[in-house]
Amino acid sequence: MLALVPGRTDGGHPNENISNNMTISYKWLSDYLPLTIEPERLSRILTSIGLEVEKLERYEEVRGGLRGLVIGEVLEVTPHPNADKLRLTRVNTGGPEPLRIVCGAPNVAPGQKVVVALVGTTIYPVHGDPLTMKTARIRGEESQGMICAEDEIGLGESHAGILVLPAELKPGLPAADYFKPYEDWIYEIGLTPNRMDAMSHWGVARDVCAYLSYHEKKEFRPRLPLTNGFKPDSQELSVRVTIANTEACPRYSGLAFTGVQVGPSPAWLQQRLKAIGLRPINNVVDITNFIQHETGQPLHAFDAKAIRGGHIIVRNLPQGTPFVTLDGKERLLHQEDLMICDEQGGLCLAGVFGGRDSGVTEKTTEVFLESACFDPVTIRRSSFRHGLRTDAATRFEKGVDISGTVQVLKRAATLFRDLAGAQVASPIVDVYPQPRDKKQVGLKFHYLKKLSGKNYHPDAVKNILASLGFDLVKEGIDELWVAVPHHKPDIALPADIVEEILRIDGLDNVPIPSSIHISPAVEENPLREAYREKLSQYLVGAGFFEILTNSITNAAFYTEQELAGAVRMLNSLSAELDILRPSMLETGLQSIAHNLNRKNLDLRFFEFGKTYSSRQVGKYQEQEHLCLYLTGNRTGEGWRNKPARADFFDLKGLVEAVFRVLGAGPVRFEPMQHDKFQAGQSGQLQGREVVRLGVVSPTLLDRFDIRQPVLFADFDWEILANLPGRQPGSFREIPRFPAVQRDLALVVSRQLPYESLRRAVQKIGLEKLQDVRLFDIFESEKLGADRKSLAVSFTFQDAEKTLTDKEIDQWMARIMTTLEKEVQAEIRK
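For the sequence shown, my numbering begins at 153 and goes up steadily by one.
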């Protein structure tokens, strides 16, 4: 027995690519418009009223539309002289002379009516690339076209033989005139999340008619299918409904059917669904799909025999209750998950996904059809909590028209009768404990002028709002009050009403003034952005690329200690995006892993971004960072050099360069121990830690499947951008007197960092000492246990005169004495 997904509504295939975009069929939409509008003009209208058309493309049920293919009559079939499996045919295609065509099909015979691809025609096989017909010689015999099998022209999968057609067809008839393949234009509309009213063909038709009414100065109304004649056929199947949680389900309507015959849908319904990217399944599923995309109201079909006790109860089940969904997976329910239940347990995860045991199957004959309104927040949380992103969930989480649940059931009843042979076996059950009043919003005309920049006549405003479904409550000299229709739950403020008026007038018609008067902003620290721009330019010049990673990331990347003070998302975008990052490193490693997987192995990235933390509920902190990432080779391979890996000292040099570019210094580096670094240092300025840098821990790299070392530096941009006492840029002439360089070899403890030696020299305060540079390190057992030799170069220079050997010898003597005393150095003679 095949378990079917009812309507791809409280089902559909979960975890599909769900987006805010809406796919609209031109022919389907045209059914509801009172006049014919060309596809291109309709595209312009949609974009003008805020339903931005991101893509308009031709849809063909059969690729190529069978253009160039004709009906032919096989007049003669003879064996091919040079091939046992080929035949020579003469085919009448309505031209002055029959065509000679070589055919390899075993079923070709005289008198058949067939499909012929003429020379110059392009055919589109079901599998493979398009093929353009040419006059060809096949085993020495000329062939002037091709007699086609159904898979060769996109009509089916069969390749057993040529396609044989009814005998009464006339040769020369275009194949497209006989098969009539469905063609359409498809609009992909980029919807903002608040436009749930446009997530259906009806909703879009309503907006288009409002636009036409305003601009054509004539009333246009969408042509909607009539359902006024609805009447039950019997009352033999009664289903009671109880809503236990009225906050999560303010309205629940339902209708029962008997005599349902589950089977294929008619061609027109399949064509409509396929055109917007849906796969036809059967008539029951396809009807619910069709209505969802027609009206925007998701439906869910239950096998009525699976409703134990004939009683639907909308309620919550205890935490941890197991429930098996349509995809066969068992899920443990959260106490906030709203469930559609019967008297013994759960039937459906409300508004999200159906249950395995209550779904419609090929043997179903009795159906209970649900049309309900659920709380958007409840549905969104359940959808993300269980990783079930369905079409129904995306509609319910934006809000559906609570006033339309019954009308949609009447529309469904007509289709169930016509397409599934069903009988309406009950009156409509409609449980609506607290009917909602329409929101009332006031609009002052001077406010409309101020916000829109345009004068509108009061009658024009009233006509626009009336065409969109607003009711006029009262009208004053300078204002009017309207009742907002239930299909527009996002309308709550006068500014929202102004937006509706502007949309229907056309966003292209918003007047743009020739001049704009603004007050300049006063920045507290105008140099902050200047520093950022200067540093960005330097880093780009040093071979870096700027990246921008997502502030919302996966909690699984971080330790329990980091998560203790992290900011978690109450309404997460997905199970993998549930936290505001407490550290920049992990999101940068995601970008590095993405590039490494695409063979971009030598990377230099920098990023300005924020991290987030919380000390207590409602108390949040943001901290700005500048981060550097290095991995791979420092230089590429060339004829003059071999590739060399970037190492810690490359990173440290870049960090020091950042301080120089910003005029900050001197910086003091200290060894640092940190879980995220295999080896690292901390850089301090004016007694405050400004940067952490090091080699990223292999354990952390393994988490991102990174197999090469990564170097990382994390600057506290808040401190760095606001440092007092910056060194301004200065200029000086090139010294006229030569510099003198002296080298010194010292044996010191292997654990002694070079930084300690450099500081000891700096403490002497030699004014003419310009530079101290380490140029060699030597380790050997001959030096003694746990000892190393450092070769250090000292550069002296005086801008006013040439230095003498006596002066330099005195300074070097002081340096040697200091190093022997301060760092216990042994001077190598």
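Beta carbons: idealized from backbone N, C-alpha and C, even for Gly.
Next item on the list: Determine the burial state of N97: buried for a count of at least 16 other Cβ atoms within 10 Å of its Cβ, exposed for fewer.
Entry: Residue 97 lies beyond the range of the chain shown here (153 to 981); nothing can be said about it.
### Task
State the Cα-Cα distance for the pair K973 and M824, rounded to the nearest angstrom.
The count along the sequence shown starts at 1 and reaches residue 973 at position 821. The count along the sequence shown starts at 1 and reaches residue 824 at position 672. Distance between the alpha carbons of K973 and M824 is about 26 Å.
Problem - Own chain residues within Cβ distance below 8 Å of D100, not counting five before or after - result: Because the chain in this structure spans residues 153 to 981, residue 100 falls outside the shown range and cannot be described.
Quiz item: Is the Cβ-Cβ distance between V892 and I967 less than 9 Å?
Solution: On the sequence shown, residue 892 is found 740 positions in, with the first residue counted as 1. On the sequence shown, residue 967 is found 815 positions in, with the first residue counted as 1. No, the pair does not count as a contact, with Cβ atoms beyond the cut-off.
- Query: Tell me which same chain residues have a C-beta within less than 7 Å of the C-beta of V924, skipping the five on either side of it?
  - Reply: Translated into the one-based positions of the sequence shown, residue 924 becomes position 772. The residues R910, V913, V944, F946, in chain order, have a CB closer than 7 Å to that of V924 in the same chain once the five nearest residues on each side in sequence are set aside.
Exercise. Can E738 and F757 be called in contact, C-beta distance under 9 Å?
Worked result: Walking along the sequence shown from the start, residue 738 turns up at place 586. Walking along the sequence shown from the start, residue 757 turns up at place 605. No, the Cβ-Cβ distance between E738 and F757 is not below 9 Å.
Taking only the alpha-carbon atoms, compute the straight-line gap between I787 and L715 and give it to the nearest angstrom. Locating residue 787 in the sequence shown gives position 635, where the first residue counts as 1. Locating residue 715 in the sequence shown gives position 563, where the first residue counts as 1. Residue 787 is actually Thr in this sequence, not Ile. About 38 Å.
Fill in: Residues that DSSP places opposite M298 in a beta bridge
For the purposes of this step, residue 298 is taken as the residue at position 146 of the sequence shown. Within the DSSP secondary-structure output, M298 pairs in a beta bridge with A269.
Exercise. Decide if D527 is buried, meaning its Cβ has at least 16 other Cβ atoms within 10 Å, or exposed.
Key: Position 375 of the sequence shown, counted from the start, is the residue given in the question as residue 527. When all chains shown are included, D527 counts as buried.
Practice problem: Report the residue ranges of all alpha helix (DSSP H) runs contained in full by the stretch 752-828; include only those spanning at least 4 residues, in chain order. | Solution: Runs of the alpha helix (DSSP H) lying entirely within the stretch 752-828 and spanning at least 4 residues, in chain order: 800-813.
N-terminal and C-terminal residue of the alpha helix (DSSP H) that S945 is part of: Numbered from its first residue, the sequence shown carries residue 945 at position 793. Careful: S945 lies outside any alpha helix (DSSP H), inside the beta strand (DSSP E) at 939-948.
Given this structure, state the Cα-to-Cα distance separating I201 from T241, to the nearest angstrom. In the sequence shown, the residue the question calls residue 201 occupies position 49. In the sequence shown, the residue the question calls residue 241 occupies position 89. Answer to the nearest angstrom: the Cα atoms are 58 Å apart.
Check whether the Cβ atoms of V214 and I299 sit closer than 9 Å, and answer yes or no.
Taking the sequence shown and counting its residues from 1, the one referred to as residue 214 is at position 62. Taking the sequence shown and counting its residues from 1, the one referred to as residue 299 is at position 147. No. Outside cutoff.
Helix or strand or just coil, what does DSSP make of H638?
-> Taking the sequence shown and counting its residues from 1, one reaches residue 638 at position 486. The answer is coil: DSSP assigns H638 none of H, G, I, E or B.
### Query
How would you label P887, buried or exposed, when you count the other beta carbons within 10 angstroms and need 16 or more for buried?
Here the question's residue 887 lines up with position 735 in the sequence shown. The residue in question, P887, is exposed, as its Cβ has fewer than 16 Cβ neighbours within 10 Å.
*From the DSSP output, which residues share a beta bridge with M721?*
The residue labelled residue 721 in the question sits at position 569 within the sequence shown. M721 pairs with nothing; no bridge assigned.
Helix, strand or coil at C361 [DSSP, three-state]: By 1-based counting over the sequence shown, the position of residue 361 is 209. The answer is helix: DSSP assigns C361 an H, G or I state.
For the stretch 495-544, which segments carrying the beta strand (DSSP E) assignment without a break, of at least 3 residues, lie completely within its bounds, in sequence order? Whole beta strand (DSSP E) segments, 3+ residues: 498-501, 519-525.
Checklist entry - Under three-state DSSP, which class holds H463? => result The residue given as residue 463 occupies position 311 in the sequence shown. Reduced to three states, the DSSP call for H463 is strand.
task: Quickly, what does DSSP pair C493 with across the bridge? List them, please.
output: Residue 493 sits at position 341 when you count from the first residue of the sequence shown. C493 is bridged to I465, G498.
At what residues does the beta strand (DSSP E) containing A453 begin and finish? Working through the sequence shown from its first residue, we reach residue 453 at position 301. Its beta strand (DSSP E) spans residues 452-455.
Assuming D429 and W354 form a contact by the criterion Cβ under 8 Å, report the distance between their Cβ atoms to the nearest whole angstrom. Within the sequence shown, numbered from 1, the residue matching residue 429 stands at position 277. Within the sequence shown, numbered from 1, the residue matching residue 354 stands at position 202. The sequence shown places Gly at residue 429, not Asp. The beta carbons of G429 and W354 sit about 19 Å from each other, so the pair does not count as a contact at 8 Å.
According to DSSP, is M174 part of a helix, a strand, or is it coil? In the sequence shown, residue 174 corresponds to position 22, counting from 1. Strand.
V862 versus T783: straight-line alpha-carbon distance, rounded: One-based indexing of the sequence shown puts residue 862 at position 710. One-based indexing of the sequence shown puts residue 783 at position 631. Cα to Cα, V862 sits roughly 5 Å from T783.
Check your understanding: Since H669 contacts D553 with CB under 8 Å, what's their CB separation in whole angstroms?
Key -> Indexing the sequence shown from 1 puts residue 669 at position 517. Indexing the sequence shown from 1 puts residue 553 at position 401. Rounded to whole angstroms, the Cβ separation of H669 and D553 is 43 Å, and the two are not in contact under 8 Å.
Based on the DSSP output, what are the partners of Q575 in its beta bridges?
-> As a working note, residue 575 is residue 423 in the sequence shown. Looking at the DSSP assignment, Q575 forms a beta bridge with T410.
- Task: Put F597 into one of helix, strand or coil per three-state DSSP.
- Result: In the sequence shown, counting from the first residue as 1, residue 597 sits at position 445. Here F597 sits in helix by DSSP.
Are the C-beta of G313 and some C-beta of chain B separated by less than 9 Å?
The structure shown has no chain B; it contains just one protein chain.
| query | Using DSSP with H/G/I as helix, E/B as strand and the rest coil, what is Q390? | reply | Reading the sequence shown from its first residue, position 238 is the one you call residue 390. According to the sequence as given, residue 390 is Ser; it is not Gln. Coil at S390, not helix or strand.
(message) In the DSSP output, what is T954 paired with across the bridge?
(response) Here residue 954 refers to the residue found at position 802 when the sequence shown is read from its first residue. T954 is bridged by DSSP to nothing; it lacks a bridge partner.
Exercise for the section: Please state whether DSSP places G693 in a helix, a strand or coil. Expected result: By 1-based counting over the sequence shown, the position of residue 693 is 541. Helix, per DSSP.
*Member of L778, S703, A524, V360 whose CA lies at the smallest distance from the CA of E399*: Taking the first residue of the sequence shown as 1, we reach residue 399 at position 247. Ranking the options by Cα distance to E399, first place goes to A524.
Could you pull out every residue in the same chain whose Cβ sits closer than 6 Å to the Cβ of D730, ignoring the five residues on either side in sequence?
Along the sequence shown, read from residue 1 onward, the residue named residue 730 stands at position 578. Cβ neighbours of D730 beyond the five flanking positions: A707, M721, S724.
Using 10 angstroms around the beta-carbon of A647, count the other beta-carbons present and answer buried if the total reaches 16, otherwise exposed. Here residue 647 is taken as the residue at index 495 of the sequence shown, counted from 1. It is exposed - the Cβ of A647 has fewer than 16 other Cβ atoms within 10 Å.
| task | Please list, in chain order, all residues of the same chain as R160 whose beta carbon is under 6 Å from its beta carbon, the five residues on each side excluded. | result | In the sequence shown, counting from the first residue as 1, residue 160 sits at position 8. For R160, the pLDDT reaches just 31, beneath the cut-off of 50, and the residue's location in the model is therefore unreliable, although a value from the coordinates is still provided. Within the same chain, R160 has close Cβ partners N441, D543.
- Counting Cβ pairs, one atom from each stretch, are 3 or more of them under 8 Å apart for the stretch 847-864 and the stretch 929-942? No, because fewer than three Cβ pairs between the stretch 847-864 and the stretch 929-942 fall closer than 8 Å, the two stretches do not touch.
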